[in-house]
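For reference, the structure discussed in these notes is given below.
There are 2 protein chains.
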Amino acid sequence: MRQKHIDLPADQQITQWYNVIADIPNGVEPPLDPATGQPIGPDKMGAIFPMGLLEQEMSTERWIGIPEEILDIWQIWRPAPLIRATFLEEALKTKAKIYYKYEGVSPSGSHKTNSAVAQAYYNKQEGVKRLATETGAGQWGCALSFAAQKFGIDCKVYMVRVSYDQKPYRKVMMNTYGAEIVASPSPDTPTGREILASDPDTPGSLGIAISEALEDTVSREDTKYALGSVLNHVCLHQSVIGLEAKKQLEMVGDYPDVVIGFCGGGSNFAGLAAPFVPDKLAGRQIRLLGVEPTSCPTLTKGRFAYDFGDVSQRTPLLYMYTLGHNFIPSGIHAGGLRYHGMAPVISALMRENLMEAIALQQLECFEAGALFARTEGIIPAPESSHAIRAAIIEATREPDKPQTILFNLSGHGLLDLSSYEKYFAGQLVNYALPDEAIIKATCNLPVINR
Amino acid sequence: MRQKHIDLPADQQITQWYNVIADIPNGVEPPLDPATGQPIGPDKMGAIFPMGLLEQEMSTERWIGIPEEILDIWQIWRPAPLIRATFLEEALKTKAKIYYKYEGVSPSGSHKTNSAVAQAYYNKQEGVKRLATETGAGQWGCALSFAAQKFGIDCKVYMVRVSYDQKPYRKVMMNTYGAEIVASPSPDTPTGREILASDPDTPGSLGIAISEALEDTVSREDTKYALGSVLNHVCLHQSVIGLEAKKQLEMVGDYPDVVIGFCGGGSNFAGLAAPFVPDKLAGRQIRLLGVEPTSCPTLTKGRFAYDFGDVSQRTPLLYMYTLGHNFIPSGIHAGGLRYHGMAPVISALMRENLMEAIALQQLECFEAGALFARTEGIIPAPESSHAIRAAIIEATREPDKPQTILFNLSGHGLLDLSSYEKYFAGQLVNYALPDEAIIKATCNLPVINR
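Quick mapping for you: the protein sequence lines, in order, are chains A and B. With our numbering, the residue at position 154 of the first sequence is 158, and numbering never jumps. With our numbering, the residue at position 286 of the second sequence is 290, and numbering never jumps.
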């Protein structure tokens, strides 16, 4: 019988993270202090992150060991299965082999849990008592709530309002893990109060929620900040996904022609794709394909420039593809993709032509998600459906071409079922590409072009 | 590092079901035709079930091969992981080793999917176009919706009203898989209309929903009926759980002192525990412990007698522990445990003293579920929390006793989060044991005592 479910044996467990920065030609530009325009030192960053994570953020080491306590917790769901989408292949009448790495087996239901556990661990090492964070669709907030609980750390989550309203079970999940959660913009911070005063019905955005979590952090002695994507150390933690997937494909004698992941802040794509970069640099034929929504087309329509990570200009300047830190994307249901910037690591891979990107519409992605549910059974998160749609496009462009496609099914959509309900009821719409003028307008002053 | 996550290698996959009936001393009594009081023949049963399943229902063969098409679909999530609950052990300060078999990795989120795929397969083999079924908490309805979709069969689900209202995402999940769903009692059947007329606010029950699904079935040529528990063939299909768990424990050189599963209709418990029965019969020291809710204490307070499986007396008479087919349990949130009867297989194991049973209260089980979520990360279904509470009781009674506990974590509670919300808000209550007089009154005429 054909093998569909590929488990990595326990003795093959990944014990080192892969840091792609060591292999990116010309490296990754450092974050800048907006006050001076100079690279920001660990002293200033130390106010919001523990040193253990800052060391990883700055590291150019290729391999970084994973502490045992992290591996121990990861074992609840790792190694995660690699599954061949045989039923989807049949439905598509394609000769392509489609594999998906399934990260939805984690307790909070997505790949985010990988980095959440690592971040909580390094904060705990340095005696941090409380973490503040933001969450878009809710996946990151749930992941950090779980991880903080594991290490006995308090956790406060600022959740983008549009997702907070769309996904009420997310709040219950975070509460179950013992976290405090509030819709963002919230009355709990100056930025939140200001935005609520001028636009009480705003759907919010990741940029606003990040500002609130940062304000919370710097206003308290006992609190540090945690970010679920974008930064180098988050991309590093997620490398376990691609490292496992490579080994699992090896077990069945296969290797991908194309590797696909959605790009929100970038850690999902980096997690799966980065471990394949050395092969590509060595001349192996392999395409790395990032997928984003047309309503927030950072890689395909943004500018490569220094920009803030948040709306109230509290973060260091990051050198990245950006739509401008004031850009508020349409309220698509893939809330995790509504971010104006892109991980510097991913941005550098784009610059070096080591990856490519496409932007997809909301409805075609929900359609792909529903097809996936009816063939492979798993109901995907709306974010993950972007990768599925891209895999379908690749598999059906030349259906007779024997090729191997690998994508990351980053999470299940069981807490996104209200979005599926609206999709089936015909209540969801596509959004036009943001006007170039709007993007330019939102990329005002503080964006520094190199 | 200690091994927490135990995957069964693909080449160790279970390919035969274990039929415990072959090993139960004095066997299992046959179902009776209520009209004649004589064992019912396959001719009458053939109106509602396909012959492939009826053969399994009547079989006394010890091992029955699993068709490749079923194994192929099972591979989406099987072999399911066995996980050692190291973090729960630490929280309990126990020397017991606690293992859980995790069935929540299936697409619909519970063990029910195992039998659903098998039942849809055998119906498809015989050309069945449509399936009607009932569901309590919704786990079975979702599982059958998925399985029917996989084989191109239409599916109609009657869902017990109290759960239908408590768990709105269940409906969306079934719709996502292409099924039709209605709250039971419904206006779609004579029994449903009759009950609605006399008691418009009834919470419904599994007994009522079964009646409706059966009426639907016999009113249409193209439809057969599918049951998610109770019957021999369902218990048979679930034996894969215990067979895998045994092999996985062997991989780490362990064997359980006590095996724990909740008992709703019985297939969950039978699935995990039955494969250990031969060892017990051979003299091995092992306890098999079934857990039920105090609000529906079938094994601990019911009578062992012939009774109907449904409220409108449409099923054959089954020889089983029963609270009477008119018994309507309190509206606990573990909807899957609200059934008046118990699988004849389980009932026979009780009679032969091959297992034991306890009844637990709603609140202590939610408390156990929340502790489990905060230690092991997975938020359990309210049904599964009964097994967790029992495991905690066993592990803490003599915390210094080195022993091995195995329980089935039959499903996650991600679509039960509204129940957790009510629990955390202090809105859930315990229910008193049903009065003996009420049980006797509901066990009226048609119950035949042997």
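Backbone N, C-alpha and C define an ideal beta-carbon position, used for all residues, glycine too.
Under the three-state reduction of DSSP output, W78/B falls in the helix class. R401/B has a beta carbon lying at 8 Å or more from every beta carbon in chain A. By the 16-neighbour rule on beta-carbons within 10 angstroms, E402/B is exposed. Linking G373/A to I383/A through their CA atoms gives a straight-line distance of about 7 Å. Runs of alpha helix (DSSP H) with 4 or more residues, each lying fully within the segment 322 to 383 of chain B, are found at 348 to 355 and 366 to 380, listed in chain order. The beta carbon of S271/B sits closer than 6 Å to the beta carbons of S233, V238, C239 and Q242 from its chain, once the five residues preceding and following it are set aside; these are given in chain order. Between S63/B and Q431/B, the alpha-carbon positions lie close to 46 Å from each other. Within 10 angstroms of the beta-carbon of N118/A lie 16 or more other beta-carbons, which makes it buried. By a beta-carbon distance limit of 8 Å, S110/B contacts W81/B. Their separation comes to about 5 Å. By the neighbour-count criterion, in which a residue is buried when 16 or more other Cβ atoms sit within 10 angstroms of its Cβ, M163/A is buried.
Counting the other CB atoms within 10 Å of its CB gives G50/B a total below 16, which places it among the exposed residues.
If you check the CB distance, A187/A and T137/A do not come in under 8 Å. In the three-state DSSP reduction, V32/A falls in the coil class, being neither helix nor strand.
The three-state reading of DSSP puts E138/B in strand, counting E and B together.
Shortest Cα-Cα distance from P46/A to any of G340/A, A39/A and L57/A involves L57/A. Any Cβ of chain B closer than 8 Å to the Cβ of Q16/A would place that residue at the interface, and such an atom is absent. Q42/B sits exposed, since fewer than 16 C-beta atoms from the chains shown fall within 10 Å of its C-beta. About 5 Å separates the Cβ atoms of G340/B and G268/B, confirming a contact at the 8 Å cut-off. From the listed residues D439/A, S422/A and N434/A, the smallest Cα separation to A141/A is found for S422/A. Rounded to the nearest whole angstrom, the CA to CA distance from D220/B to L419/A is 32 Å. Under the Cβ distance rule, Q143/A does not count among the residues neighbouring chain B, no pair being separated by less than 8 Å.
With at least 16 other beta carbons inside 10 angstroms of its own, G417/A counts as buried. Within chain A, the residues whose beta carbon sits less than 7 Å from that of L421/B are Y173, V176 and M177, listed in sequence order. For D15/A, the three-state secondary structure derived from DSSP is helix. Taking a C-beta distance under 8 Å as the contact criterion, A352/A and V32/A qualify as a contact pair. If you ignore the 5 residues before and after I264/B, its C-beta comes within less than 6 Å of the C-beta of L293, A391, A394, A395 and F411, all in its own chain and listed in chain order. For A399/B, the enclosing alpha helix (DSSP H) starts and ends at P386 to R401. Counting only Cβ-Cβ distances below 8 Å, T137/B has no contacts in chain A at all, with the closest Cβ about 18 Å away.
For N127/B, the enclosing alpha helix (DSSP H) has its first and last residue at K116 to Q129.
Residue contact check for Y104/B against chain A: no CB pair falls below 8 Å.
Judged by DSSP in its simplified three-state form, A286/A adopts coil rather than helix or strand. Proximity of K8/B to chain A, defined by a Cβ-Cβ separation below 8 Å, is satisfied. Residue contact with chain B for Q366/A: absent (no Cβ-Cβ distance below 8 Å to any residue of chain B).
Residue environment: Q252/B is assigned as buried (16 or more neighbouring CB atoms within 10 Å of its CB, all protein chains considered). Less than 8 Å separates the beta-carbon of Q129/B from that of P54/B. Setting aside the 5 residues that flank it on each side, R165/B is surrounded in the same chain by A187, S188, P189, T206, P207 and G208, each with a C-beta closer than 8 Å to its C-beta; the list follows chain order.
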